[in-house]
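Heads up: the structure comes next, in structure tokens.
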Amino acid sequence: MKIQGRMFIWLAVFILAMAAVYGVWSKEPVGTTALFMAFGLSIMIGYYLAFTARRVDTGAQDDKDADVADDAGELGFFAPHSWQPLSLAVGGAIAFLGVVFGWWLMYFGAPIIMIGLFGWVFEFYRGADQNQ
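One point on numbering: in the numbering used here, the residue at position 10 of the sequence shown is 11, and numbering is uninterrupted.
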């Protein structure tokens with residue numbers, strides 16, 4: 002994580018320099034603001050990664066003599082199957098169609114989104130996959 006933190010901090014320094022140069026040369030406020038916001042986002046991510054790297058054990062990516070297999074292991078639990086993203090997609094499509102055809106479609110899309118979101122959050126609290 003130390004390497005990633007340094008990379009984002011150096012990226013933030015580069016974006017800050019480019020934002021200053023772009024702001025002086027172009028005198029265009031929207032692009033300059035976007036570059037300064039990109040600097041802020043990069044510095045936040047870099048600081049978080051550098052701060053977290055001090056609190057956790059050194060990973061294989063921070064060891065110059067490490068092999069690829071040193072970083073192998075369990076990455077986490079991934080759901081084997083789920084119908085909830087489909088319901089969220091259908092609800093989201095109906096809700097966004099409300100922007101085109103009329104806001105009254107939100108009354109049909111919002112409940113489908115809520116059902117899909119509730120189901121996705123609590124899908125491992127009941128049923129056959131309860132204990133995973």
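C-beta atoms are modelled at their ideal positions from N, C-alpha and C, and glycine is treated no differently.
All values reported here derive from a predicted model rather than from experimental measurement.
Worksheet item: According to the neighbour-count rule (16 or more other Cβ atoms, all chains shown, within 10 Å of its Cβ), is residue 16 buried or exposed?
Response: buried
Worksheet item: When we look at the beta-carbon of residue 103 and count the other beta-carbons within 10 Å, is it buried (16 or more) or exposed?
Response: exposed
Item to complete: Note down the Cα distance separating residue 112 from residue 65, rounded to an integer number of angstroms.
Response: 52 angstroms
Discussion item. Can you find the residues in the same chain that come closer than 7 angstroms, C-beta to C-beta, to residue 37, ignoring five residues on each side of it along the sequence?
Written reply: 20
Discussion item. Quick check on residue 9: buried or exposed, where buried means 16 or more other Cβ atoms within 10 Å of its Cβ?
Written reply: buried
Worksheet item: Can you tell which of 6, 96 and 100 has its C-alpha closest to the C-alpha of residue 43?
Response: 6
Worksheet item: For residue 40, does the count of other Cβ atoms within 10 angstroms reach 16, so buried, or fall short, so exposed?
Response: buried
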